[in-house]
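Quick note on my numbering: the sequence shown kicks off at 480 and runs consecutively. From the three backbone atoms N, C-alpha and C, an ideal C-beta is built for every residue, glycine too. Structure first, commentary second.
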Amino acid sequence: MARLFGFSIGDKEKKSPSVISPVPQNNEDGVDNYISSGFYGSYVDIEGVYRTEFDLIKRYREMALHPECDGAIEDVINEAIVSDLYDSPIEIELSNLNASDKLKKVIREEFKNIKEILDFDKKSHEILRNWYIDGRIYYLKVIDMKKPEEGIKDLRYIDPMKMKYVRQEKKKSKSQQVLDMNRGSDSAAKYVEPEIEEYFIYTQKPSYPSGMISGTGGNKGVKIAKDSITYVTSGLIDRNKGTVLSYLHKAIKALNQLRMIEDSLVIYRLSRAPERRIFYIDVGNLPKVKAEQYLREVMSRYRNKLVYDANTGEVRDDRKFMSMMEDFWLPRREGGRGTEITTLPGGQNLGELSDIEYFQKKLYRALGVPESRIAAEGGFNLGRSSEILRDELKFSKFVGRLRKRFAHMFTDMLKTQLILKNIVTPEDWELISEHIQYDFLYDNQFAELKQTEMLNERLGSLATIEPYIGKYYSNEWVRRNVLRQTDSEMVEMDDQIEQEIKDGIIPDPNAIDPITGEPLPAEGEMDTLGDVPLEPDGAITNGQLGKDTKKAEI
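Quick look at the structure:
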């Protein structure tokens, strides 16, 4: 096989012959089954949804342009990514990581560098929106091949239409095949796990030509090593067809139904709104051909045809075709009454919108957004968390799952950065990666109310357990399990308390009055004995020394 473009952090340890498994290692971020030969398998989709991943991503992007669908997507993204003037949308959390403070500090700095390369604080909304709509996201990790220890130099976004993730079984050499045949009598050798090759294929044009690998046709693609690409999917997999799906996939049918019912409503209103006329034209005893010709002349003189285009929403004048949705022209023979004009009443239920509202709610349910968030329905209710609707609770958990899945992108980038800079080894990363978490900035109404109530409950528990601190419980245990403070919060709070003690904002709990034996008050506070002002060091001023000596002795 030709050398792949990009870099590889390190080859995985080769499996020992004692590892027996006929099933290859599954791919948790994509499709489990691997490609054995050829390239993009195409098939006929009976449901008419998609044939290839290219068609699927294109459909998702078309859906995002629909107003109702775009509104639901914005609700999800605005809840998941909170833009604040002072805080970053996401921070790394290392409380559960059993490592030195120096290593934690280095990991935080490298994570900050990755966010700066991505410009995540400014582009976080667009990055998450692209991932949510397409169901996958690709970033090329650019490094200096001559100085890889300098880490990632740039992170470049790649259109998913131009990338394809490939997993296929490595072809064995003839010598290996002969060796396997000689081992055929050994039952264990028959079930040695097959070796899987993983890489990406990139093309300049967003298409899936059949000859990208073999070169038999189309634009030849570039094979890129797996470690050079950050690849994160939505986690939704169609196991029957072997395709990664987007969170918009289950809303395809609901959106099509909404579009159809909206177009049919507009057409019905245009056709039934006007009061159409019925013309009875007296043709006397003219022959049939002459009568029809005379009728057409009268029609062309008075009729006016309006046509509605569902694609553009335009209404145009078209006199070329006769339609039953317009005036009716009927000939009347001699002997009957003369020319007569009557009216056909318009529709009476043109204001009925229950069908539209039903399909709007169905679309929001398919996208996981509460129905109460549809425009012009209800207001902002700020009450207790027990008064929050169940749909809002489900929506908050749904956004939490999105955040956790999306954070895999930072985990992969951070892994490459730490290993290239020799901060950790690949073996060490496997141990610490499970304990690295991410803290997103919250702006959810339910989350804020819940956090306030939880804080009140914690302070109440703290007041109850305070007499037992130092006897049955330690300060650190109370801070971790009662107040739920993380390592970084503990360090930050200790630094702030120490600084406020130096500034005299709060009293020093360790400072003791040599006379009374009680803690000294902070700077600027008044002494309780005669309201004597204190100096910064807690001493009585010289002007009051002789006057208040007896009071102090008493």
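For residue i, the nearest candidate out of the options (CA to CA)
i	options	result
N609	V711, F874, G792, R937	V711
I760	K769, Y747, L774, T995	L774
A886	L607, I994, G721	L607
L734	T709, L842, I571	L842
T682	P639, E977, E913, T904	P639
S713	A578, T890, R615	R615
Y644	I586, D706, E547, R635	D706
F889	I488, L544, N592	N592
R963	L737, L934, D891	L934
T791	V745, T895, W908, T821	V745
K601	V561, E677, K626, K620	V561
Y678	R646, G700, K699	R646
A789	R738, K873, M778, I915	R738
M892	N557, K632, Y611	K632
I586	G879, R530, S603, V903	V903
V723	E532, G700, D974, Q736	E532
Y787	K767, E771, L749	L749
D918	K950, V701, R884, W908	R884
V848	L928, N557, N989, R530	N557
A543	H728, R530, A578	H728
Reduced DSSP secondary structure (H/G/I, E/B, other) of residue i
i	result
A559	helix
F484	strand
M624	coil
A886	coil
T821	strand
K981	helix
Q975	helix
I731	helix
Q683	coil
I991	strand
T895	helix
D598	coil
L881	helix
I1036	Absent from the structure is residue 1036, since the part of the chain shown begins at 480 and ends at 1033.
E906	helix
P986	coil
V848	coil
L544	coil
K876	helix
K840	helix
K738	A small fix is needed here, since residue 738 is Arg in this sequence, not Lys. In the structure shown, R738 sits in a helix (DSSP, three-state: H, G or I).
E968	helix
L832	coil
K699	coil
N609	helix
R530	coil
M691	Residue confidence for M691 is low, a pLDDT of 44 falling below 50, so the modelled location carries little weight; the figure read from the coordinates is stated next. Coil at M691, not helix or strand.
K650	coil
K1054	Past the edges of the chain, shown from 480 to 1033, lies residue 1054, and the structure says nothing about it.
CB of residue i within 7 Å of CB of residue j, strictly
i	j	result
A551	L846	yes
R852	D554	yes
L573	K583	yes
I569	F590	no
L564	L597	no
L576	I911	yes
I708	Y636	no
L920	D613	no
Q839	E541	no
K876	G630	no
I488	I898	yes
I703	G485	yes
I740	D834	yes
K620	T895	yes
V961	L938	no
D987	I994	no
E440	K649	As shown, the chain starts at 480 and ends at 1033. That puts residue 440 outside it, with no answer to give.
Y952	S725	no
V777	A770	no
Residues sharing a beta bridge with residue i, DSSP
i	result
Y617	I637, Y710
Y678	V645, A704
L724	L715
I631	I622
Q916	E572
Can you check the region 551-596 for any beta strand (DSSP E) of at least 3 residues that lies completely inside it and give the ranges in chain order?
-> 569-572
Identify every run of the alpha helix (DSSP H) within the region 918-964, keeping only runs that are complete inside it and at least 4 residues long; order them along the chain.
-> 924-944, 954-960
Taking the runs of the alpha helix (DSSP H) that are 4 residues or longer, which of them lie wholly in the region 742-801?
-> 767-781
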